[in-house]
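Heads up, the thing below is written out as structure tokens.
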Amino acid sequence: MIWLSWRQFRTQAIVAAAGLAVFAVLLAITGVNLAHLYNTSGLPGCHVHGDCAVQASNFHNQIQSEKIYNLVFFGGIALLFAVPALTGVFWGAPLITREIESGTFRLAWNQSATRTRWLAVKLAVIGLTAMAIAGLLSLMEGWWATPIDRAMALGTDTGEPVANLRIDPVVFGARGIAPIGYAALAFVLGVTAGVLLRRTMPAMATMLASFAFIQFASPTWVRPHLITPARSITALTASNVQGVVTGPNGSMTAFAGINNAGAWWILSNQIIDKAGHVFTGPAPQVCLSQTAPFQACQNALGRLHLRTLTTYQPISRFWTLQWYETGIFLALAAALAGFCFWWINRRRLA
Amino acid sequence: MTAVLASRGLGKRYRQRWALTDCTLSIPAGHVVGLVGPNGAGKTTLLNLTTGLLAPTTGTISVLGGMPAASPAQLAKVGFVAQDTPTYAGLSVADHLRLGAHMNPSWDADLARDRIDRLALDPAQRAGKLSGGQRAQLALTLAIAKRPELLILDEPIASLDPLARREFLRGLMEFTAECEVSVIMSSHLIADLERVCDYLIVLIASRVRIAGEVEDLLATHHLLTGPRRDPGAWPSGWQVISASHTDRQTTMLVRTGSPIDDPAWAVEQVGLEDLVLAYMSHATNSAPVLEVQR
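Quick mapping for you: the protein sequence lines, in order, are chains A and B. Per this note's numbering, the first sequence starts with residue 1, numbered consecutively. Per this note's numbering, the second sequence starts with residue 351, numbered consecutively.
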């Protein structure tokens, strides 16, 4: 059975390995240059000079100005999101549908191996390959981006606004061990769609749509709550008021800027009053005026003793969140795999 | 001895439609069983139930004393050549033999290689490039090289030209002669089965109409011609399978265990093909399903 799985999967595995090798070479070449750039920047000794924020900003600008680094950084992220989806579409979905469409399941399932074993070996050989590829990609991309991550962390420690922290939702899914979980779930999702729909094209489309939904739902609704978010409350100063929206009867909503110290993933940022309720007015008269300058409104709000409530996940929780998320995806994949075993044994596919 | 196939009240429903109803069979070992019936009669359904590719809706089925496809040992005992003889188009002939060797502990590599040599199949050829006849032979090779106790073939020769058909049947007969193996083979062409089968099951409109050894079937069915008689005016114990009347004459196919001693009837032996056709043409007539009494 292992032989048959490998024989049927051989070509695809070789193509995947070749793609992986090409990407590795690209990362190796640009990664060495990027590391050199970091080492020759002022960042390694910035603590001594106390200019980490400035150096981080400089380093950031330098990378921004060179297209290749942007391309590899964001291209790598895109690839790490695409690879699990692609393995689900091209390895997962056709796993059973191809056998059904060509009738060969009647050949395969009448050899002296139960179809439970057939599916187990198939899932293991192809699924573990998909997970290994995602894991290797993440490892390589993580190594490549180490200078950037380090620079961003040094920058944020001193309160400098930066972008592309690895806990940011977009970057998070392309780092650490999460891609392994994504690859496992995407692959089994494809297999499950194939088992249920029995035809390749609908199974591929269904797999893609449901996996895209999961990849959207996870950072939006699940990941923020895996650990109770940290809260910080700071006094609202006039200069921190960034905008206001006034409504009828003197109601208003005000927006505050974000103080970035501590390197976090911001979940919410609200202005609250003394009692801890979200501030909705009454608006100071000057804010309702059409002619008064915005600064006058800012100053008026600054005198109201309002506070800013920020909920966030600090970057120190990166690995905890990674383990939680990977665990959830692997558990979902295992549950779906269990369903597939039950289905092919109970609902005979002839 | 355990029956190769024993079923009781076996039925299979696809959504609203019953593909097989109330199928009760007990086929002894050592036969080449022909399963005949028109297209859509439920032949493939019965064979898929036998291989365990389908699970029954009602009733029970046991194959060589075990539940179909329940264990590796059970799977090893049954060889199956499915309808349209599926093979992996991208794998070569040699790959298929390797597949068989890896997936069947009882694999007879010499038998497989000999057959491929004798058929002059190129081991490097991809199965997708083989002709229909060659593909059927490859599928048969896979099924018999695992040395099954029961070989099941679902319309294996339906799509083959007459020459390939004869070659295929010859290969099959050689194998059954050499090894002690029971065969169940379906076809909608009686002529194909007549040459090779010694046991017959006629399946019409999802029901088994008749099942028994060919010899017994032929001995108990008689084609009678005589003066016109009204329906019902014949001895009890006669089962009239088909009857046609002219003004003066009545022609009937009668099934009975006792000899025909009424001299008014001219008795003729019936051929297997005519026998089956008589059952088929009276498919709407819901005569009780009986097995041949022995």
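Quick reminder that beta carbons are idealized off the backbone N, C-alpha and C, glycines included.
Chain-order list of chain A residues neighbouring residue 438 of chain B: 104, by C-beta distance under 7 Å. Nearest neighbour of residue 413 of chain B by Cα position, chosen from B:587, B:538, B:376, turns out to be B:376.
At a C-beta separation below 9 Å, residue 3 of chain A has these neighbours in chain B: 448, 449, 451, 452, 453. Between residue 534 of chain B and residue 626 of chain B, the alpha-carbon positions lie close to 17 Å from each other. Assignment of residue 232 of chain A by DSSP, reduced to helix, strand and coil, places it in the strand class. Counting C-beta atoms within 10 angstroms of its own C-beta, residue 402 of chain B has 16 or more neighbours from the protein chains shown and is therefore classed as buried.
Of all residues in the segment 75 to 109 of chain A, those with a C-beta nearer than 7 Å to a C-beta of chain B are 102, 103, 104, 106, 107, 109, reading in chain order. Contact between the segment 268 to 281 of chain A and the segment 307 to 317 of chain A is present, with at least three C-beta pairs closer than 8 Å.
Under the three-state reduction of DSSP, residue 279 of chain A is assigned to coil, being neither helix nor strand.
Put simply, the backbone Cα of residue 214 of chain A is about 25 Å away from that of residue 230 of chain A.
Looking at the backbone, the Cα of residue 610 of chain B and that of residue 604 of chain B are separated by about 10 Å. Taken through DSSP and simplified to helix, strand or coil, residue 247 of chain A comes out as coil.
The C-alpha of residue 318 of chain A lies about 6 Å from the C-alpha of residue 167 of chain A. With respect to the C-alpha of residue 248 of chain A, the residue from A:288, A:220, A:279 having the closest C-alpha is A:288. Cβ-Cβ distances below 6 Å link residue 324 of chain A to 226 in the same chain, with the five nearest sequence neighbours on each side left out; the list follows chain order. At a cut-off of 7 Å, the C-beta of residue 480 of chain B has no neighbouring C-beta in chain A. Assignment of residue 434 of chain B by DSSP, reduced to helix, strand and coil, places it in the coil class. The segment 525 to 578 of chain B contains, as complete alpha helix (DSSP H) runs of 4+ residues, the segments 540 to 546, 564 to 570 (chain order). Taking 7 Å as the cut-off, the Cβ atoms of residue 52 of chain A and residue 154 of chain A count as close. Taking a Cβ-Cβ cut-off of 8 Å, the neighbours of residue 496 of chain B in chain A comprise 111, 112, given in sequence order.
For residue 123 of chain A, the closest alpha carbon among the candidates A:250, A:9, A:63, A:212 is that of A:9.
Distance from the Cα of residue 517 of chain B is smallest, within the candidate group B:485, B:504, B:396, B:502, for B:485.
DSSP places residue 362 of chain B in the uninterrupted beta strand (DSSP E) bounded by 355 to 364. At a cut-off of 7 Å, the C-beta of residue 461 of chain B has no neighbouring C-beta in chain A. Within the segment 373 to 429 of chain B, the complete beta strand (DSSP E) segments of 3 residues or longer fall at 382 to 386, 408 to 413, listed in chain order. Under the DSSP assignment, residue 126 of chain A falls outside any beta strand (DSSP E), being part of the alpha helix (DSSP H) whose first and last residues are 115 to 144. Nearest C-alpha to residue 92 of chain A among A:61, A:333, A:176: A:333. Assignment of beta-bridge partners to residue 272 of chain A by DSSP yields A:278, A:307.
Ranked by how close their Cα comes to the Cα of residue 513 of chain B, the residues B:487, B:394, B:498, B:536 have B:487 in first place. At a cut-off of 3 residues, not a single continuous stretch assigned as beta strand (DSSP E) sits fully inside the segment 4 to 46 of chain A.
Residue burial annotation: residue 578 of chain B is exposed, with fewer than 16 other C-beta atoms found within 10 angstroms of its C-beta. Rounded to the nearest angstrom, the gap between the Cα atoms of residue 29 of chain A and residue 145 of chain A is 13 Å. Chain-ordered, the chain B residues with CB closer than 8 Å to the CB of residue 7 of chain A read 441, 445, 448, 449. In the DSSP annotation of this structure, residue 464 of chain B is not part of any beta strand (DSSP E); the continuous alpha helix (DSSP H) holding it starts and ends at 459 to 468. In the structure shown, residue 199 of chain A falls within a coil segment according to DSSP collapsed to helix, strand and coil. Where residue 503 of chain B is concerned, the enclosing beta strand (DSSP E) starts and stops at 500 to 504.
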